[in-house]
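In this note's numbering, the protein residues as written are 0 to 198.
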DNA sequence: CATGGGATTGACT
DNA sequence: GTCAATCCCATGC
């Protein structure tokens with residue numbers, strides 16, 4: 000695989016959210032002594048109804064409209080913390096949800112945080128990977144362009160685009176037809192398999 | 001101030 | 001396959 004690039008500057012994160020969601024496949028996400036390679040993402044944009052930012056600027060969504068390269072962490076179903084990275088220009092509400100990782104470092108710490116589960120269950124879901132990495136609500140708003148608890152290192156050359164598959168997003172009702180889920184083709188570390196027949 | 005829904009997971013039938 | 005857990009916050013009275 001390609002070597003890790005340096006910590007990307009603000010402008011790197013400012014690209015269109017669909018481009019960023021693809022680009023992040025293969026990047027390494029690390030936090031609290033553990034790390035994994037991103038194998039699944041989803042894009043969200045304020046112009047479509049599934050995005051939290053669709054309702055406009057509120058206390059919950061203001062991070063989404065802020066500077067790109069910022070972490071957006073929110074609680075889902077009262078239980079799980081889900082991790083996103085803000086994309087596009089400041090003033091646009093857009094973010095990439097990280098949905099699954101291939102664990103590569105700190106697997107013991109991941110297991111301690113997740114409870115005794117098999118390696119395939121450590122990071123194969125958006126709520127699982129935040130628990131495995133120790134990402135929680137206080138990480139909301141973290142600036143990923145500065146040194147901190149959470150770090151994302153893309154590959155130097157970006158992912159091989161032939162290896163990235165697009166599919167409909169998971170677990171949403173609104174705008175469910177958009178193929179804005181991106182997966183590493185054939186990866187055994189996905190939250191769910193890519194559907195065989197596209198719709 | 002009360003209510004309702006949600007980008008999920010794990011346990012159970 | 002079904003379903004509850006549990007909390008943040010937007011919305012409405």
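Every residue, glycine too, gets a C-beta built ideally from N, C-alpha and C.
None of the values given here were measured: they were computed from a predicted structure.
Nearest Cα to residue 99 within the set 18, 51, 136, 126: 126. Counting other Cβ atoms within 10 Å of its Cβ, residue 8 stays below 16 and is therefore classed as exposed. Separation of the CB atoms of residue 4 and residue 152 is rounded to 6 angstroms, and the pair is thereby assigned contact status at 8 angstroms. Counting along the chain, no beta strand (DSSP E) covers residue 110; the unbroken alpha helix (DSSP H) around it starts and ends at 106 to 113.
Beta-bridge analysis with DSSP links residue 39 to 99, 182. Cβ-Cβ separation between residue 86 and residue 12: approximately 6 angstroms, consistent with a contact (criterion under 8 angstroms).
Taking 8 angstroms as the cut-off, the beta carbon of residue 121 is found no closer than this to the beta carbon of residue 80. Here residue 16 has 42, 43, 44, 86, 87, 93, 94, 95 as same chain residues with Cβ atoms under 8 angstroms from its own Cβ, once five neighbours each way along the sequence are excluded.
Here the segment 25 to 36 makes no contact with the segment 46 to 63; the two share fewer than three CB pairs at distances below 8 angstroms.
For residue 152, the enclosing beta strand (DSSP E) covers residues 149 to 152. Looking at the DSSP output, residue 73 bridges to 81.
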